[in-house]
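Undergrad: Keeping their order, the protein sequence lines are chains A and B.
The first sequence begins at 1 in the working numbering and counts up one residue at a time.
The second sequence begins at 1 in the working numbering and counts up one residue at a time.
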Amino acid sequence: MLKVNKLYKDFGDLKVLKNVNLEIKSGEKVVVVGPSGSGKSTLLRCLNLLEQPTSGEIFFEDQEITKPKIDLNLIREQMGMVFQQFNLFSNLNVLDNLILAPLKRDKLKKQEAEERAYNLLNRIDLADKANAYPRQLSGGQQQRIAIIRAMMMDPKVLLFDEPTSALDPEMVGEVLDLMTELAESGMTMIVVSHEMGFAKQVANRIMFMDEGQIVEESYNPADFFENPKEIRTQQFLSKVL
Amino acid sequence: MPMLTAKFLEDFQSVFFTGENWKYLANGFKITIQVTFFAFLIGLVFGIILAVIRVAHKDLKPSWRNPSGFLLNLLNKIANIYITVIRGTPTTIQLLIMFNVILISLDNLPLVAILTFGLNSAAYMAEIFRSGIQAVSKGEKEAARSLGLNYLQSMRHVVLPQAFRNCLPAFGNEVITLFKETSISGFIGLIDLTRGANILVSNTFKAAPPYFAAAMIYLIVVYGLEHLFNFIEKRYLHA
């Protein structure tokens with residue numbers, strides 16, 4: 001579903017991604033871990049082209065999306081993204097946050113969009129907050145709404161950029177629960193996260209990034225945490241576990 | 001002191017209630033309000049357009065090679081020059097140039113004033129809106145794009161509504177400045193509130209009553225505008 005070939009990304013003199021290659025199949029749940037500054041977020045942001053790669057190719061469903069003249073908005077519609085800072089639209093209430101993109105992108109009619117919004121809100125037990133504004137909600141509530149906002153577009157893959165890092169500890173659980181539920185429903189997910197418990201429980205594959213490269217990758221998360229092969233992985237895990 | 005007050009009141013009466021003298025101020029006031037209002041509309045619309053051009057240019061970094069990029073680069077250059085020239089020259093000179101050079105064939109004084117003050121205010125409003133737009137969280141812009149909204153859609157539905165709220169205080173100041181700045185309309189012979197007061201002074205040889213009355217009227221309107229903007233700000237913040 002997603003394929004990355006020889007991806008490089010520089011910010012000025014700083015080389016953030018150095019030859020990243022990966023392929024992700026439909027239904028996979030990939031967790032990316034690594035020290036800060038290792039390029040995890042940049043990699044994720046390159047996938048939906050919020051960052052323009054310096055060189056390399058990205059394919060989404062066999063279509064090269066790094067080519068010029070591609071309709072980026074059409075691609076982004078199909079890739080939901082969840083951010084560390086939630087990024088709900090602060091000028092809109094919860095319901096309008098949810099239905100804005102489906103309406104403006106002509107994906108759903110107003111009534112369908114509202115129906116879908118309420119269905120998803122009911123799923124996360126926040127239907128009573130439909131008319132609330134983001135600043136009236138807790139961080140955990142905001143992030144769960146950000147997740148269902150991405151779901152509104154019925155995306156083929158969801159990208160999570162450290163979705164729990166900005167949350168108070170007692171709210172991390174509710175967000176991880178929702179993500180686990182999504183994973184179980186078969187959603188393809190790429191998650192940049194420091195939540196090792198989530199990684200062990202949900203990921204079918206785990207990647208360790210350092211200095212702009214994928215250093216180690218494993219289809220057995222439990223084994224990855226217990227027997228990391230690379231020295232850099234061992235050093236990192238010894239610090240965080 | 002009581003004698004002075006009595007003298008002032010007497011002068012006041014003789015100045016304003018001899019014949020239809022008061023009409024100079026009333027009609028002048030009407031012109032001042034008219035010019036301010038329409039100039040404000042022009043400044044608002046044109047200011048937003050200038051601000052969006054400058055911000056879009058900064059966000060999108062267009063290339064000169066493709067047609068739409070070329071257009072945006074060109075518009076941005078024009079907008080920059082426009083804002084520099086307008087902010088770098090006195091409004092009085094702009095008014096005189098409009099009246100005597102650019103709009104020489106236009107035989108409608110209020111319209112000349114409206115266009116001058118409107119185009120002048122646009123440059124200032126553009127800068128206000130630009131800072132308001134740039135204060136909107138980068139994350140929300142990215143979230144809008146990540147959902148597939150195009151640049152203009154994210155501007156229209158997410159960025160601009162927040163930008164308006166951000167710049168309401170500065171915006172209120174600009175409206176008040178614009179209102180007071182129209183008092184130079186007399187330079188092109190337009191009889192606004194200030195010029196009306198001036199004529200009264202020449203006609204009656206009494207300076208204090210007309211000038212103080214005009215000042216009072218300006219003050220009351222500004223006071224009203226301040227309260228109006230405070231009210232709008234509060235409503236917006238609660239929304």
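Don't be surprised by glycine CBs; every beta carbon is placed ideally from N, CA and C.
Keep in mind that this is a model prediction, so the values were computed, not measured.
On the DSSP bridge list, what partners appear for Gly80/A?
TA: Leu158/A
Undergrad: State the beta-bridge partners of Thr188/A as determined by DSSP.
TA: Val157/A
Undergrad: Which residues of chain A have a Cβ atom closer than 8 Å to the Cβ of Asn150/B, listed in chain order?
TA: Asn73
Undergrad: Go to Asn225/A, then tell me how far its alpha helix (DSSP H) extends in each direction, as first and last residue.
TA: According to the sequence displayed, residue 225/A carries Phe and not Asn. Here the alpha helix (DSSP H) through Phe225/A covers 221-226.
Undergrad: Hey, could you find the ends of the beta strand (DSSP E) Gln260/A is sitting in?
TA: Missing from the structure shown is residue 260/A; chain A here goes from 1 to 241 and no further.
Undergrad: Along the stretch 214-236 of chain B, what residues have a CB closer than 8 Å to any CB found in chain A?
TA: none
Undergrad: Can you have a look at Phe37/B and say buried or exposed, based on whether 16 or more other CB atoms are within 10 angstroms of its CB?
TA: With fewer than 16 Cβ atoms within 10 Å of its Cβ, Phe37/B is classed as exposed.
Undergrad: Of the choices Leu100/A, Leu120/A, Met151/A, whose alpha-carbon is the least far from that of Met155/B?
TA: Leu100/A
Undergrad: Please name the residues in the stretch 49-71 of chain B whose beta-carbon is closer than 9 Å to at least one beta-carbon of chain A, in chain order.
TA: Answer in chain order: no residues at all.
Undergrad: Report the residues of the stretch 153-178 of chain B with a CB closer than 8 Å to any CB of chain A, ordered along the chain.
TA: Under the 8 Å Cβ criterion, the stretch 153-178 of chain B contributes Gln153, His157, Val158, Pro161, Gln162, Arg165.
Undergrad: Of the residues Ile199/B, Phe12/B, Val175/B, which one's Cα is nearest the Cα of Leu228/B?
TA: Val175/B
Undergrad: Can you give me the start and stop residues for the alpha helix (DSSP H) that Ile148/A sits inside?
TA: 139-152
Undergrad: From Leu41/B to Gln34/B, what does the alpha carbon distance come to, in whole angstroms?
TA: 11 Å
Undergrad: Could you check whether Cys167/B and Ile114/B sit closer than 8 Å to each other, using their CB atoms as the reference points?
TA: Against a cut-off of 8 Å, the Cβ pair of Cys167/B and Ile114/B comes out as no contact.
Undergrad: The alpha helix (DSSP H) that contains Glu174/B, what's its start and end?
TA: Glu174/B -> alpha helix (DSSP H) spans 160-181.
Undergrad: Who are the near neighbours of Arg87/B in its chain, counting only those whose CB is closer than 6 Å to its CB and skipping five residues on each side?
TA: Hits under 6 Å: Ala123.
Undergrad: Is the CB of Ser146/B under 8 Å away from at least one CB in chain A?
TA: yes
Undergrad: Quickly, what does DSSP pair Tyr8/A with across the bridge? List them, please.
TA: Answer by DSSP bridge pairing, in chain order: Ser55/A.
Undergrad: Since I believe Phe208/A is in contact with Val202/A (beta carbons under 8 Å), could you give me their beta-carbon distance rounded to a whole number of angstroms?
TA: With a Cβ gap of about 17 Å, Val202/A and Phe208/A do not count as contacting.
Undergrad: In chain order, what residues of the same chain have a beta carbon less than 8 Å from the beta carbon of Ile217/B, not counting five sequence neighbours either side?
TA: The beta carbon of Ile217/B lies closer than 8 Å to those of Leu25, Phe29, Leu193 in the same chain, with the five residues before and after it left out.
Undergrad: Along chain A, which residues have their Cβ under 8 Å away from the Cβ of Glu140/B?
TA: Asn87, Leu88, Phe89, Ser90
Undergrad: Starting from Leu2/A, follow its DSSP beta bridges and name the residues at the other end.
TA: Ile24/A, Phe60/A
Undergrad: Could you give the residue range of the alpha helix (DSSP H) that holds Val112/B?
TA: Unbroken alpha helix (DSSP H) run through Val112/B: 109-134.
Undergrad: Taking DSSP's pairing of strands, which residues face Gln213/A in a bridge?
TA: Asp210/A
Undergrad: I'd like to confirm the pairing. Which residues does DSSP put opposite Leu14/A in its beta bridges?
TA: Phe11/A
Undergrad: Could you tell me whether any Cβ in chain B is nearer than 8 Å to the Cβ of Lys104/A?
TA: yes
Undergrad: Out of Gly118/B, Arg195/B, Lys206/B, state which residue places its alpha-carbon closest to the alpha-carbon of Ile48/B.
TA: For the residues Gly118/B, Arg195/B, Lys206/B, the minimum Cα distance to Ile48/B belongs to Gly118/B.
Undergrad: Which same chain residues, not among the five before or five after Pro67/B, have their C-beta less than 8 Å away from its C-beta?
TA: none
Undergrad: Under 6 Å Cβ to Cβ from Gly69/B, same chain only, skipping five residues before and after it: list those, please.
TA: Pro62, Ser63
Undergrad: Count the other C-beta atoms from every protein chain shown that fall within 10 angstroms of the C-beta of Ala6/B, then say buried if there are 16 or more, exposed otherwise.
TA: exposed
Undergrad: Leaving out five residues on either side along the sequence, give the residues of the same chain with a beta carbon under 8 Å from the beta carbon of Gly148/B.
TA: none
Undergrad: Apply the 10 Å Cβ neighbour rule to Glu181/B and answer buried if 16 or more other Cβ atoms are within range, or exposed otherwise.
TA: Here Glu181/B is buried, its C-beta having at least 16 other C-beta atoms within 10 Å.
Undergrad: Please look up how many angstroms separate the CB atoms of Met171/A and Ser193/A, rounded, as I've assumed it's under 8 Å.
TA: With a Cβ gap of about 15 Å, Met171/A and Ser193/A do not count as contacting.
Undergrad: If I measure Cβ to Cβ from Gly186/A and keep anything under 7 Å in the same chain, skipping five residues before and after, which residues do I get?
TA: Gly27
Undergrad: For Leu103/A and Ser185/B, what's the separation of their Cα atoms in angstroms?
TA: 48 Å
Undergrad: Output, in sequence order along the chain, the residues in the stretch 41-66 of chain A whose CB is closer than 8 Å to any CB in chain B.
TA: Interface annotation for the stretch 41-66 of chain A against chain B: Asn48, Leu50, criterion Cβ-Cβ distance under 8 Å.
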